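*Asks:* Once you've had a glance at the structure underneath, I'll fire off some questions.
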Amino acid sequence: MKIVLSLGGSVLMRDFDAERIRRFAEAIEEISEGNKVFVVVGGGKIAREYIKTAKRLGADNTLCDYIGIEVTRINAMLLCSALSNAPKVIPKDFREAYELSLNHNVVVMGGTFPGHTTDATSALLAEFVKADLFLNATSVDGIYSDDPRRNPNARRFDKIKADELLKIVLKLSAEAGGNFPLDVLSIKIIQRSGIRTIVFLGEPENIKRVVEGDYAEIGTLVEP
Ligand code: UTP
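Residue numbers (the working numbering): 598 to 821.
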C-alpha cells in the first residue's frame, strides 16, 4: 500500500522535543514495513515566526512562501535524522520523491511551490504517486463543524463528504482567525482524485491505528 502522511510542523516540532520526533520516526518506520510511506512535513510555529519577520522587512508573499518552504525542508531533515531507512536527501518536487521511493520505503519531503501550504502539497503528492491512503496528522481529533478551540458547540464528524467539507472550510476561511485542518486546495485535490483521506489527532501512537483502520475515536474519514 502507498501512504502519504502529512505531518504538520506544529504537530511534529512541538517544543523541539527530540523524544517526540523520535517516536514519530519509529511509528513511520513501523508502518513502512510492507508499505511505501511518503511523509510531508510542515513548517509550524518557526515558519510563522520567519514569515512574520520577513513581512516586517518588506518581503512580498511569494518570498515569504519561499522562506516557509525552506523551514518545512529543515523540519523534514530533522525527522530524517531519526529515520534509519529514509534517504538523507529531501526531494524538491514530486518526481524526485517518486524516484527516491523506488529504492526506499520511506521518503520525507517539505513544501514545494509558493502559493499554498503543505496540506495541498501532500494532497498533490498523494495524487501523483497514486496513494491508497492520505493521512493528515493535525492538532485536533478530526473534522468539526466549526473551530472546536473557539466554539465549544462544534460537532465532530466520524466521516464527511469532500463537498460538504469544502462548504465548511470556505465559511471558516472567510472569518478572521478561522483555523481548519485542511485547506481549500487540498480538499479540491482529494475530491478530483478520489483519495481515501483520514484527518486525525497527530500523536505518534495514532499513526499505526489509522493505517489499520482504527480511527473512529481519533479522526474523521473524508470521502471523495
Ligand atoms: P505549512 O504548510 O507548514 O503551514 O507551511 P502551517 O499552516 O504552518 O502548517 P503547520 O502548522 O505545520 O500545520 C508553512 C508555510 O510555507 C509556505 C507557506 O507560506 C506556508 O504558510 N509553503 C509551504 C508554500 O508556499 N508552499 C508549500 O508547498 C508549502
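Think of the CB as a built atom: it goes at the ideal place given N, C-alpha and C, for glycine as much as any other residue.
As the structure is a computational prediction, the values presented were derived from the model and not from experiment.
Taking 7 Å as the threshold (C-beta atoms), are Ser607 and Ser736 in contact?
*Replies:* Their beta carbons are under 7 Å apart, which means Ser736 touches Ser607 by this criterion.
*Asks:* Can you give the Cα-Cα distance for Glu693 and Arg619, rounded to whole angstroms?
*Replies:* Distance between the alpha carbons of Glu693 and Arg619: 25 Å.
*Asks:* Could you tell me whether the Cβ atoms of Val636 and Leu604 are closer together than 7 Å?
*Replies:* Yes; because the gap between Cβ atoms is below 7 Å, this pair is in contact.
*Asks:* Would you say the beta carbon of Ser719 is closer than 6 Å to some non-hydrogen atom of the ligand UTP?
*Replies:* No, since every heavy atom of the ligand UTP falls outside the 6 Å radius drawn around the Cβ of Ser719.
*Asks:* For the ligand UTP, any of its heavy atoms closer than 6 Å to the Cβ of Gly640?
*Replies:* Yes, the ligand UTP has a heavy atom inside 6 Å of this Cβ.
*Asks:* What is the residue span of the alpha helix (DSSP H) that Thr650 lies within?
*Replies:* 641-653 is the span of the alpha helix (DSSP H), which, as asked, contains Thr650.
*Asks:* Could you tell me whether any non-hydrogen atom of the ligand UTP is closer than 6 Å to the CB of Gly816?
*Replies:* The answer is no for Gly816.
*Asks:* Looking only at its own chain, which residues have a Cβ that is under 8 Å from the Cβ of Ala717, when we skip the five neighbours before and after it?
*Replies:* For Ala717, where only same-chain residues beyond five positions count, the Cβ hits under 8 Å are Asp780, Leu782, Ser783, Ile786.
*Asks:* Please work out which residues of its chain come closer than 7 Å, Cβ to Cβ, to Gly816, disregarding the five sequence neighbours upstream and downstream, and give them in chain order.
*Replies:* Correct list, in chain order: Asp738, Gly739, Ile795, Val796, Phe797, Leu798, Val807.
*Asks:* Anyone know if the C-beta pair for Val638 and Ala728 falls short of 7 Å?
*Replies:* Their beta carbons are not under 7 Å apart, which means Val638 does not touch Ala728 by this criterion.
*Asks:* Can you give the Cα-Cα distance for Ala656 and Ile643, rounded to whole angstroms?
*Replies:* Cα to Cα, the separation comes out at about 17 Å.
*Asks:* Is Ser783 a contact residue of the ligand UTP, with contact defined as CB to any heavy atom under 6 Å?
*Replies:* Not so, every heavy atom of the ligand UTP lies at least 6 Å from the Cβ.
*Asks:* With distance defined between alpha-carbon atoms, name the residue in Tyr812, Asn658, Ala679 nearest to Val703.
*Replies:* Comparing Cα positions, the closest option is Ala679.
*Asks:* Can you tell me whether DSSP reads Ile687 as helix, strand or coil?
*Replies:* Looking at Ile687 - three-state DSSP - the assignment turns out to be coil, as it is neither helix nor strand.
*Asks:* Do you know offhand how far Glu800's Cα is from Tyr663's?
*Replies:* Taking the straight line from one Cα to the other gives about 28 Å.
*Asks:* Quick one: Cα of Asn658 to Cα of Val705, how far?
*Replies:* So the alpha carbons of these two residues sit roughly 25 Å apart.
*Asks:* Enumerated in chain order, which unbroken segments of the alpha helix (DSSP H) with a length of 4 residues or greater are wholly contained in the region 765-805?
*Replies:* DSSP runs (the alpha helix (DSSP H)) wholly in the region 765-805: 781-790.
*Asks:* For a test of your reading of the model: does the CB of Thr715 fall under 6 Å from any non-hydrogen atom of the ligand UTP? Yes or no.
*Replies:* At least one heavy atom of the ligand UTP is nearer than 6 Å to the Cβ of Thr715, so yes.
*Asks:* Could you give the distance in angstroms between the alpha-carbon of Phe710 and the alpha-carbon of Lys652?
*Replies:* Spanning the two alpha carbons is a distance of roughly 18 Å.
*Asks:* What do you reckon, are the CB atoms on Lys758 and Leu818 nearer than 7 Å?
*Replies:* Not in contact: Lys758 and Leu818 (Cβ atoms no closer than 7 Å).
*Asks:* Which same chain residues end up closer than 7 Å to Pro684 when comparing Cβ atoms and leaving out the 5 residues on each side of it in sequence?
*Replies:* Counting only Cβ-Cβ distances below 7 Å, and skipping sequence neighbours, we find Leu697, His701, Val704.
*Asks:* Where does the unbroken beta strand (DSSP E) through Leu818 begin, and where does it stop?
*Replies:* Here the beta strand (DSSP E) through Leu818 covers 816-820.
*Asks:* Using a threshold of 6 Å, is the CB atom of Pro711 nearer than that to any non-hydrogen atom of the ligand UTP?
*Replies:* Yes; taking the cut-off as 6 Å, the Cβ of Pro711 has a heavy atom of the ligand UTP nearer than that.
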